[in-house]
Amino acid sequence: MDVRGQNFDLILFSVGRRICPDYPLVLRMIPVILGSLLNSFNWKLEADIEPKDLDMEEKFGLTLAKAHPLRAIPSPL
Numbered sequence: 661m662d663v664r665g666q667n668f669d670l671i672l673f674s675v676g677r678r679i680c681p682d683y684p685l686v687l688r689m690i691p692v693i694l695g696s697l698l699n700s701f702n703w704k705l706e707a708d709i710e711p712k713d714l715d716m717e718e719k720f721g722l723t724l725a726k727a728h729p730l731r732a733i734p735s736p737l
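In short: position in the sequence shown from 1, add 660, done, that's the working numbering.
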């Protein structure tokens with residue numbers, strides 16, 4: 661992923677000369693942290709909803725967010 665250049669889809673780390681100096685580190689660490697979080701817990705859906713019954717409807721906006729947020733409950737392994 662490259663957030664530099666003229667394509668401003670990802671403007672998380674600023675652009676140009678004022679770009680965050682740690683963005684390469686962040687781009688490497690996010691998958692590691694997310695993977696550790698996912699693998700360190702057992703996950704289940706709130707109110708024992710089955711995955712096939714999830715409401716995947718999106719609400720319109722600048723970004724496509726879920727109309728009904730996913731609520732997952734972690735439990736220790």
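Beta carbons: idealized from backbone N, C-alpha and C, even for Gly.
First and last residue of the uninterrupted alpha helix (DSSP H) at Leu685: Run containing Leu685: Tyr683 to Asn699, per the alpha helix (DSSP H) assignment.
Touching by the beta-carbon criterion (3+ pairs, under 8 Å), the segment 707-721 and the segment 675-695: Cβ pair count under 8 Å is below three, so no.
Across which residues does DSSP place Ile733 in a beta bridge pair? Note: Ile733 sits in a beta bridge opposite Lys704.
Closer than 8 Å by C-beta to Phe701: which residues in its own chain qualify, once you throw out the five before and the five after it? Chain order, please. For Phe701, where only same-chain residues beyond five positions count, the Cβ hits under 8 Å are Pro734, Ser735, Pro736 and Leu737.
Pick from Ser696, Met716 and Phe720: whose alpha carbon is nearest that of Arg731? Here the closest residue by C-alpha is Met716.
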